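Residue numbers (the UniProt record's numbering): 1 to 81.
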């Protein structure tokens, strides 16, 4: 089993007071999430932030694949109109 953290953010007016650190500590210390073999996340600019929680670059990046569809939300929106 593994966990994937997605869409983690703190609204601008509330940044800089430790809420991000509290949020990640709370998530990662949840009793039902203990014993997971792997935690994954993707970040553009918060690598150093996540390192304090034990995150590192992928050990085997050649094993990971993705199917990227950057416009999927536009397509869904257009279908609803």
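Positions of the beta carbon are idealized from the N, C-alpha and C atoms, including for glycine. None of the values given here were measured: they were computed from a predicted structure.
query	result
Under the three-state DSSP convention, the category residue 15 falls into	coil
According to DSSP, residues forming a beta bridge with residue 39	3
Range covered by the alpha helix (DSSP H) that runs through residue 51	47-51
Secondary structure of residue 68, DSSP reduced to three states	coil
Under the three-state DSSP convention, the category residue 87 falls into	Examination of residue 87 is not possible in this model, given that the chain is present from 1 through 81 alone.
Which of helix, strand or coil DSSP assigns to residue 21	helix
DSSP-derived helix/strand/coil call for residue 27	helix
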